[in-house]
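The block underneath contains the structure these notes are about, expressed in structure tokens.
Residue numbers (my numbering): 18 to 534.
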């Protein structure tokens, strides 16, 4: 007599089966599996195994159910047990492939899908899933071949066309991709087809159509954070910032973290371009680069923001990135004279002096009273040893703006190279009178030393070092003047300092003076 009237139904059914009744646990397991009730199906397949009903297949299907529940280690144990009993079942290798796919072992997944197909050449789903695995390995042509084969075997599955549409999107075969998505939706309206057709519309800059498809896709799942993200990006592309902001915020709230950067970039209440220019004018170049980047992301003066970001990178010695930004700015607006001024600086610091001169000349042609462009072109000409051309440009620069101390310093340097030392001293005196700078004192010290007035040279080098105590070249040249005055102790001290700071020219003079003795 059964005392417990609440004996579990599953056990009761299998007891009945053991008594010879018609209950088939394997068939019940398959019904639950096909209804995606994987936990229930596992219970039935377990009972089927205990009752010796299709043991190999029950083990295989229990493993399959565990795969869908992402119990991968338990799943592969069941598959191995099934394989020992019947290694000829094509579906066994299909589920092995799914196991390897979820374990990120794509090569093994592809190999097992291939085993399935070898046993059953009409396994359309194996072709389709092998296509998916090949797509993840960037074998898009192989993926397309598999998808074509799968659809040729079974043309009734909506998701087959969606999958092939995704492959064709990756291959940029957009017209064919649209046909596949349309076919999928004709068979059965579904979220994936709408979502992926939306992506294809956005990639072909048809953002209004993309928004419509993303909206349809969201009707299936209003909490799909990724779809809000993509719809937000399409709204942004159309300049609909409020709608974009709302979608990206919703996406972020739903946990789709990719939205966070886009959301931050869409803080369009700030004028990043103006803030960036203020930081640039204060020589806070790293901060200005950050703000110009935000300005670009928010569609604020994109061409100028790219140009100024490139200019800031020049001062940060990020020359390659600077050149890239300047080229990008030029593609948007090639008419801004200021752009060619920064191109001139870029070419000058990268020792492309002919291109620097050409760029500055273009600025001067547009703005003939641009004193700074004349002085910069003069420095580029000096670098090419065109000293007369350099003097001519610096003379024009000074005639336009006589308050720029740098022009006098540069003209003084060129006159030193021309051995016009007295005129050089005059220019450097004027530069220092306008604004005392390290460079002007150092260049005047150099002029004094070339005139064998080493005590005056030492005084100017010392003034230069009060501005920057770690200038390796100034320490070196002051040492040379000390050496000329036979002040070995002072000369050795400067040479050691210069050498310690990495100026290798000092090493030979250190040895010559026998400073270690």
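Note that beta-carbon positions come from the ideal geometry of N, C-alpha and C, so glycine has one too.
Short Cβ contact (8 Å threshold) for residue i with residue j
i, j, result
"residue 70", "residue 50", "no"
"residue 79", "residue 63", "yes"
"residue 99", "residue 125", "no"
"residue 339", "residue 370", "no"
"residue 441", "residue 464", "yes"
"residue 59", "residue 66", "no"
"residue 215", "residue 234", "yes"
"residue 102", "residue 116", "no"
"residue 322", "residue 293", "yes"
"residue 213", "residue 173", "no"
"residue 445", "residue 460", "yes"
"residue 427", "residue 395", "yes"
"residue 177", "residue 150", "no"
"residue 413", "residue 391", "yes"
"residue 163", "residue 144", "yes"
"residue 356", "residue 372", "no"
For residue i, the first and last residue of its enclosing alpha helix (DSSP H)
i, result
"residue 55", "55-67"
"residue 87", "Run containing residue 87: none; DSSP gives neither H nor E here."
"residue 492", "489-501"
"residue 145", "141-153"
"residue 331", "319-332"
"residue 376", "370-383"
"residue 354", "354-366"
"residue 213", "208-220"
"residue 521", "Per DSSP, residue 521 belongs to no alpha helix (DSSP H) and is neither H nor E."
"residue 424", "422-434"
"residue 394", "388-400"
"residue 309", "302-314"
"residue 163", "157-170"
"residue 273", "Premise fails: residue 273 is in no alpha helix (DSSP H) and is neither H nor E."
"residue 293", "289-298"
"residue 42", "42-51"
"residue 443", "438-451"
"residue 479", "471-484"
"residue 129", "123-136"
Cα-Cα separation between residue i and residue j, rounded to whole angstroms
i, j, result
"residue 495", "residue 478", "6 Å"
"residue 534", "residue 528", "10 Å"
"residue 425", "residue 480", "18 Å"
"residue 520", "residue 512", "9 Å"
"residue 248", "residue 107", "42 Å"
"residue 422", "residue 415", "9 Å"
"residue 486", "residue 457", "15 Å"
"residue 279", "residue 269", "10 Å"
"residue 447", "residue 435", "19 Å"
"residue 122", "residue 199", "32 Å"
"residue 318", "residue 140", "56 Å"
"residue 38", "residue 57", "Here residue 38 scores only 39 on pLDDT, less than 50, and its place in the model should not be relied on; the value that follows carries that caveat. Cα to Cα, the separation comes out at about 21 Å."
"residue 209", "residue 88", "25 Å"
"residue 10", "residue 354", "Nothing about residue 10 can be reported from this structure: the residues present for the chain run from 18 to 534 only."
"residue 165", "residue 110", "21 Å"
"residue 20", "residue 41", "Residue confidence is low: residue 20 scores 40 on pLDDT, short of 50, so the model does not pin down where it sits. Its coordinate-derived value is still stated next. So the two alpha carbons sit approximately 26 Å from each other."
"residue 175", "residue 183", "13 Å"
"residue 267", "residue 243", "10 Å"
"residue 299", "residue 326", "14 Å"
"residue 541", "residue 304", "Only positions 18 to 534 of the chain appear in this structure, which leaves residue 541 out of reach."
"residue 273", "residue 236", "18 Å"
"residue 503", "residue 491", "18 Å"
"residue 186", "residue 217", "6 Å"
"residue 181", "residue 211", "14 Å"
"residue 295", "residue 260", "31 Å"
"residue 128", "residue 291", "58 Å"
"residue 112", "residue 196", "31 Å"
"residue 517", "residue 475", "20 Å"
"residue 53", "residue 120", "21 Å"
"residue 137", "residue 104", "13 Å"
"residue 408", "residue 438", "14 Å"
"residue 192", "residue 253", "24 Å"
"residue 68", "residue 171", "36 Å"
Expected contact under 8 Å - CB spacing of residue i and residue j to nearest Å
i, j, result
"residue 467", "residue 433", "7 Å"
"residue 297", "residue 315", "Incorrect: roughly 17 Å between the Cβ atoms, too far for contact."
"residue 148", "residue 160", "4 Å"
"residue 146", "residue 194", "That belief does not hold up - the Cβ atoms of residue 146 and residue 194 are roughly 19 Å apart, past 8 Å."
"residue 363", "residue 331", "6 Å"
"residue 271", "residue 283", "Wrong, their Cβ atoms sit about 17 Å apart, outside the cutoff."
Cβ of residue i within 8 Å of any chain C Cβ
i, result
"residue 141", "This model lacks chain C altogether; it includes just one protein chain."
Residue i Cβ short of 7 Å to the ligand HEM heavy atom set
i, result
"residue 352", "The ligand HEM is not among the ligands present in this structure, which contains no ligands whatsoever."
Alpha helix (DSSP H) runs contained entirely in the stretch 225-255, provided each spans 4 or more residues: 242-254
3 or more residues per run - each beta strand (DSSP E) lying fully within the stretch 172-210: none
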